[in-house]
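Here's the structure we're looking at; comments come further down.
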Amino acid sequence: MDNKEYNAKAINDTYKNAHIALQSISDLLPSVDDIDLKKELSDEYDGYEKLIGEISSYMAQNGIEPKDVNPMKKAMLFSSIKMKTMFNNSKNQIADMMIKGTVMGITELTAMINEKSNLDDGIKELIQKLLNLEEEYLERLKKFL
129 MDNKEYNAKA INDTYKNAHI ALQSISDLLP SVDDIDLKKE LSDEYDGYEK LIGEISSYMA
189 QNGIEPKDVN PMKKAMLFSS IKMKTMFNNS KNQIADMMIK GTVMGITELT AMINEKSNLD
249 DGIKELIQKL LNLEEEYLER LKKFL
């Protein structure tokens, strides 16, 4: 894989990571009864949406075609969320689900930063921004457990 393909894959992986978080929040919000948790998730949604805009702009400026999350993965995510909240939509359950997803995102982003030494600076910056955002959200979600 040449450097251009390598960087395109990294930014697409970052884009997908943020999109999965956005999709998860969108799928969860209708099940949330707790006003404070609903506000937290709405704020997180706005943060992911803003960062996706930055990632999309970077991709457009650099001629990188965004690759959407696999529709099957989206359907599985939706089904999983609906099943887990059908009988228990407590703020603890929803916070736990969000924390687990956020930790998965943090793990993926940290691995990307550690293993990909020849990333373009703009891509490194966007990966780090998303990582920082997810680490902040992780801390904020803990109070809902």
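With this note's numbering, letter number 25 in the sequence shown gets 153, and the count goes up by one each step, no holes.
Even glycine gets a Cβ: it sits at the ideal position worked out from N, Cα and C.
As the structure is a computational prediction, the values presented were derived from the model and not from experiment.
What would DSSP say about residue i, mapped onto helix, strand or coil?
| i | result |
| --- | --- |
| E193 | coil |
| F272 | helix |
| D162 | coil |
| D141 | helix |
| D130 | coil |
| D248 | coil |
| S185 | helix |
| S152 | helix |
| S207 | helix |
| S170 | helix |
| N220 | helix |
| N198 | coil |
Measuring from the CB of residue i, is there a heavy atom of the ligand FMN at a distance below 6 Å?
| i | result |
| --- | --- |
| Q256 | Among the components of this structure there are no ligands whatsoever, and the ligand FMN is therefore not found. |
Considering only the beta carbon of each residue, do residue i and residue j sit closer than 7 Å?
| i | j | result |
| --- | --- | --- |
| Y186 | A149 | no |
| L157 | I222 | no |
| L165 | F272 | yes |
| A341 | I180 | Examination of residue 341 is not possible in this model, given that the chain is present from 129 through 273 alone. |
| T230 | Y265 | yes |
| T213 | S159 | yes |
| T142 | L259 | no |
| K202 | D162 | no |
| K228 | N140 | no |
Which term fits residue i, buried or exposed, when burial requires 16 or more other beta carbons within 10 angstroms of its beta carbon?
| i | result |
| --- | --- |
| G233 | buried |
| A138 | buried |
| S245 | exposed |
| M226 | buried |
| S208 | exposed |
| M204 | exposed |
| M240 | buried |
| E262 | buried |
So residue i and residue j are supposed to be a Cβ contact under 8 Å. How far apart are they, rounded?
| i | j | result |
| --- | --- | --- |
| L254 | E182 | 7 Å |
| N135 | I251 | 6 Å |
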